[in-house]
Structure formats: C-alpha cells, structure tokens
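S.K.: Sending over a structure as structure tokens; questions will come in a sec.
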Ligand SMILES: Nc1ncnc2c1ncn2[C@@H]1O[C@H](COP(=O)(O)OP(=O)(O)OP(=O)(O)O)[C@@H](O)[C@H]1O
Ligand SMILES: [Mg+2]
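Residue numbers (the working numbering), protein chains in the order written: chain A, 1 to 237; chain B, 1001 to 1355.
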C-alpha cells in the first residue's frame, strides 16, 4: 500500500477550480516529483495535502488513514511535513528558534536537542549561525534552514515546494544532493519543481501537471525520454 | 498633466498645515515650560510627586497596552474591548476584596490577600477575554478587517452595560489596604507607598510576560504565528491555541492592571475601562503597535508626560483648570503620533515586511 494517496481531489479558490480530480500516490522510500508550468496547481496540491486548503471532493490518505478533515497541525503530528514555496523562515526568530518551531509537535526536549544536532551535521553552516535572526541569512542558508526545520518533525513524508527556486546554480546542485542523501537515508519525498531536469534525475517517478490535472505519469527515466516532456519542460526540440 | 498645479498646491498646503501644527505644539510646550520654571511655583518634592505618580500610572497603562499590542501582533486587529477586560478584572476583584476586608483577612494578611485579589482579577479578565474571542472574533477571522473592529466595539458596549445592568451605574469604593497607606522616605524624598508597590508589581508582571514571550515554547510560537500563520500551522503549531493563549496573557495583564488601578484610585465603576483603555491604546501606538517593549515604554512615557504636562507647560499659559486637560494631552499625543509617526516612536518601518 502506498504511504501517501491522493485520490480524485478537487480544490477551489472561491470559484476558481484549481485541482480537477487529481490523483497521485507516493510509495515508502520513493522520491516522487510533480512538475508543471506556473499556475499548474503544484502548490495547491501540496497545500491540500497539508490541510491548509480543503478539497471539495476526493480523499487524501496516509497509510490508509483519512487526512482530509484533520487540521494542519495534526497532519504534521502524523508525519506529513511541508517545506513551503519561498522558504518562509520566521525572519525575526533565530536559526535555533526556527528549528525548535519545526519540532513543535515533539514533546521530549532531549529529542529536540538531538534533532537540532542532526540538522547541524547535515547543514554545518546553520550551526555557525544558530543565534542569528533567520531574516539575516542568505537565500541558500534560508533554504537549508527551511529544510532543517521540516526535518525536525521527523517526517514520514516530506513535501518540498520548489526548493531550488531563486538559488544560484551551485546551491541548486547542493540542495538536490541533500534531497538525494535524505532519500538514501530512508526519507520519502514528494518534490515539486520547475527545474524538471534536476528533479527527474533524482526522482523514481514523476507526474506532469497541467491546469489542475495530471496529464502524464511515469518513471523519472521514462519521463526524461518523453517527447512532450522534453519539449515542454526540458526545453529540448 | 493639467491637474499638476492644483495637486502641488494641495501638497504644499498640507505640508504647511502639518508644519504649523508641529510648531504650535512645540511652542506651547517650550514657552509653557520656560514660564513655569521661571515662575518657580512648584518645589522639587512636588516635581518628584508628579514624576512618581506618572511612573505608577504609566506602568498601569503599560500593562494594559501589552494586551493591545500582543493581540494586534498576532491578528492585526485592535481589540477595542480590552479596556472592558481591564474593568471586568477590577470589578470582579472588588467583590473579593470587600469580602476579605469584612472578614478581617485583608488586615491580618494583606500580602496574601492582595495576591489573592490579583489572581481573581486575572481569572475573571482571562475568562471574559476568552469568551469574547470565541464569540465575537474567531467567527470573523476571515472577514475584512473592519468587521472584527465593529464586533470589538459591540463587545465593549456589551461588557459595559452588562456590568451596569448587574451592579448599577454607581461607584464602588475599593477597600483601603492599611499596608499601602502613607509614605516611605528615600534620601529625604517622600514617596507614596501605594505608588511604589504598584510600579514594582507592574514591572514584575511585564518582566514575567517578556520572559514568557522570549524564552518559552509557547512564547516562541506566538512570535512565529505573528509572522506567518500558514507556515506556523505547517510546523505543527496549533494556531488557534496560540491565539487563545495570546488573548489570555494580555487579559491576565489587564486584570492585574485593574487591581493596581483600583489601589491607586480606590474605586470601580462600569465605565472605568474606557479612558485607561484609550490611554493604553495610545501607549501601544506610541511604542509601535505589535512591539512589546515599545508598549511598555510607551505606557511609561505617556504616564509621566500627562502627569507632568499640566503643571509643566499648561498652567503657566494661563489655562484655568490645567489638570482637567490631562486626557486632552494624551489624546493630542495620539493624534500627533498617528499623523507624524504611525509606526510609533520605536517603530521599525513595517511596510516592506508586512506587505
Ligand atoms: N490564493 C489564491 N486565490 C485564488 N487563486 C489562486 C490562489 N492561489 C493560487 N491560485 C490559482 O490556482 C492555480 C494554481 O496555482 P498554484 O499556486 O498551485 O500553481 P503552481 O503550480 O504552484 O505555480 P508556481 O509554479 O507559479 O508556483 C493558478 O491558476 C493560480 O492563479
Ligand atoms: Mg507554486
């Protein structure tokens, strides 16, 4: 059974029909990527899974348990954690405090400290900056912090919304390397990207989204060879 | 382009008007102060009395102002019922205080009794604030900003007239606490005991609150929610619970402020929350709404300024009843700050961040 199942979901913004019967699954240990143009509905999909948006129809299940009517903070407690688009670190909290907020559902303070140490091992830069206000970090550092903060909740499924957005090419490489490494260590990841080339290189499977609908789904390898994907998303004629 | 000349004229006249306003205010303060100091009507003990009273009064404003500023920080909404939350605390505590007085407990164990009275006031204020939040604000959280504001004014009237209906329009005299009567003398300066105790109690509460906001898990969550509710929810923070906690903490401060106010002025009444409420709101605006240390400093500043003002610069200008103008000073200050520095005296430039 898939760890995360999204089944026939319809999400609206007022009268705007943003997701039109979207379905996807993520298996334990996979990296699944969701690619699509601006406005295709990628962020809407993640926010619907996280409970920030409520679908008018359809179901979302984690290991068979229905998440559709559960409030966002309890979805986090069940292990589905999102790194939002544009990083959204708490600018006026320190790096350390941001990480503590990521572990909000963790009651045991010793586990929180261990979690912080693990994040610092993964991103040593954050350790040097631990007492600094997050708003003063560079874009790359903020992305590390946003990912570290999400990892603090010990997610069963990690949702990443355009982690490479606005970063210099070297940083993009290192963010993707980190995602790959997290997955090698056992993390299950649903990755939203505009950078389809990089995403399809590390993803086991992928879905192509157009105006709120899945138009194609296949393995990462097959999608990279696909004519339509090559034209529309990889810029190859 | 044909409107450009009229537009310029309008701009110039507005600028001229604003500058005139500033100059007049500065002239009043400066000339009045100089005349007073030359006249030498007050001796140094009297000046000290004004300042000490101002500090005591100001620390009460500061305590109330915290509730305005914290709720604004989290919901971007002015809780106009907050003055009535303060009144509810003082009023409920009145009944406990007079019962304790009649049983003689207040005289035997004044400290224990005072703590008890404050706990009752905190509980009453908090309970009522949570009710108001649940009934009047939470259902309107997605509504346009004006709607909860109107609801807040409604809640404010509701509370005033509930107390009026239950306990009548009259004034109830607060029991006298013997312990707080008289003066202490420090280095030859006499200071009223009640004012020292009020100031110390208020400062302790503020330090406690500041520690909660800066150091505890719930305090950090409050700061996170005030920056970005959606992301806070994505971190597993129960946003509703954090909002409720914010209202509760602000209300508890207002409850304590109510008791302290009653200790200084020795009376309660259904309408007593109105003026201190607006003064505290002014303090919060002075310090930059949403800014916690700002609200504390704003309260102190306003308290001292309005206590000194009548004697310092109004009386010598030939104003007949300068002490009646205390409230006018506070409201003039509110208008001045709103015109010239809406982000407050300590205020950061919020525009970029909040946009
Ligand atoms: N808050 C909103 N109110 C109304 N419509 C919205 C809102 N957010 C998104 N939409 C609309 O829903 C559709 C899907 O938007 P969404 O943000 O999910 O796209 P996306 O695939 O994440 O795009 P991007 O790559 O630009 O992040 C778009 O047509 C968008 O205009
Ligand atoms: Mg998006």
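Quick reminder that beta carbons are idealized off the backbone N, C-alpha and C, glycines included. Computed from a predicted structure; not experimentally measured.
1. Hey, would you say the C-beta of residue 192 (chain A) is under 8 Å away from at least one heavy atom of ligand 1?
2. Per DSSP, which residues does residue 12 (chain A) bridge with? Please list them.
3. Work out the CA separation of residue 104 (chain A) and residue 1216 (chain B) for me, nearest whole Å.
4. In angstroms with no decimal places, state the Cα-to-Cα distance between residue 1189 (chain B) and residue 131 (chain A).
5. When you compare the segment 1324-1342 of chain B with the segment 1074-1093 of chain B, are there three or more beta-carbon pairs, one atom per stretch, that lie closer than 8 Å?
6. Which of the residues in the segment 1218-1243 of chain B, read from start to end, lie with their CB under 8 Å from any CB of chain A?
7. Within 10 Å of its beta-carbon, does residue 1295 (chain B) have 16 or more other beta-carbons around it, so buried, or fewer, so exposed?
8. Shorter than 9 Å from the beta carbon of residue 163 (chain A) to some beta carbon of chain B?
9. At a cut-off of 8 Å, would you count residue 13 (chain A) as near ligand 1, judging by its Cβ distance to the nearest heavy atom?
10. With residue 1025 (chain B) and residue 1308 (chain B) assumed to form a contact (beta carbons below 8 Å), what rounded beta-carbon distance in angstroms separates them?
11. Using 9 Å as the threshold, is the C-beta distance between residue 18 (chain A) and residue 41 (chain A) below it?
12. Let me check understanding here. Comparing Cα to Cα, which of B:1317, B:1112, B:1305 lies closest to residue 1059 (chain B)?
13. Please classify residue 1068 (chain B) as buried or exposed, where buried requires at least 16 other C-beta atoms within 10 Å of its C-beta.
14. Straight-line CA distance for residue 1063 (chain B) to residue 133 (chain A)?
15. Around the C-beta of residue 1181 (chain B), are 16 or more other C-beta atoms found within 10 angstroms, so that it is buried, or is it exposed?
16. Please state the DSSP three-state secondary structure of residue 161 (chain A).
17. Strictly below 9 Å CB to CB, what residues from chain B border residue 97 (chain A)?
18. Which residue wins for smallest C-alpha separation from residue 1279 (chain B), given the options B:1184, B:1326, B:1239?
19. Decide if residue 1139 (chain B) is buried, meaning its Cβ has at least 16 other Cβ atoms within 10 Å, or exposed.
20. Using the rule of at least 16 other Cβ atoms within 10 Å of the residue's Cβ for burial, across every protein chain shown, is residue 968 (chain B) buried or exposed?
21. Just verifying my parser: in three-state terms, what is the DSSP assignment at residue 205 (chain A)?
22. Mind checking whether the beta-carbon of residue 45 (chain A) lies closer than 8 Å to any heavy atom of ligand 1?
23. Tell me the residue span of the beta strand (DSSP E) that contains residue 27 (chain A).
24. How would you call residue 227 (chain A), buried or exposed, if buried means at least 16 neighbouring beta carbons within 10 angstroms?
25. Let me know if residue 1354 (chain B) comes out buried or exposed under the rule of 16 or more other beta-carbons within 10 Å of its beta-carbon.
26. Does residue 1174 (chain B) pass the burial test, meaning 16 or more other C-beta atoms within 10 Å, or should it be called exposed?
27. Helix or strand or just coil, what does DSSP make of residue 1127 (chain B)?
28. Under the criterion of a Cβ to heavy atom distance below 8 Å, does residue 166 (chain A) qualify as lining ligand 1?
29. Going by DSSP, what residues sit across from residue 5 (chain A) in a beta bridge?
30. DSSP state of residue 1011 (chain B), grouped into three classes?
31. Could you check what DSSP says for residue 1327 (chain B) in three-state terms: helix, strand or coil?
32. Just to check, is the beta-carbon of residue 42 (chain A) closer than 8 Å to a non-hydrogen atom of ligand 2?
33. Going by DSSP in three states, residue 1092 (chain B) sits in which element: helix, strand or coil?
34. With a CB to CB cut of under 7 Å and the five nearest residues on each side skipped, what residues in its chain are close to residue 7 (chain A)?
M.R.: By the coordinates alone:
1. yes
2. A:17
3. 12 Å
4. 45 Å
5. no
6. 1220, 1221, 1223, 1224, 1227, 1228, 1230, 1231, 1232, 1233, 1234, 1235, 1236, 1237, 1238, 1239
7. buried
8. no
9. yes
10. Not a contact, Cβ separation roughly 16 Å.
11. yes
12. B:1305
13. buried
14. 28 Å
15. exposed
16. strand
17. 1220, 1223, 1224
18. B:1326
19. exposed
20. This structure gives no information on residue 968 (chain B), because the portion of chain B shown stretches from 1001 to 1355.
21. strand
22. yes
23. Neither: residue 27 (chain A) is in no beta strand (DSSP E) and is coded neither H nor E.
24. exposed
25. Only weak support exists for where residue 1354 (chain B) lies, its pLDDT of 37 falling under 50; the value from the coordinates is given anyway. Residue 1354 (chain B) comes out exposed.
26. buried
27. helix
28. no
29. A:25, A:61
30. helix
31. helix
32. yes
33. helix
34. 23, 58, 59
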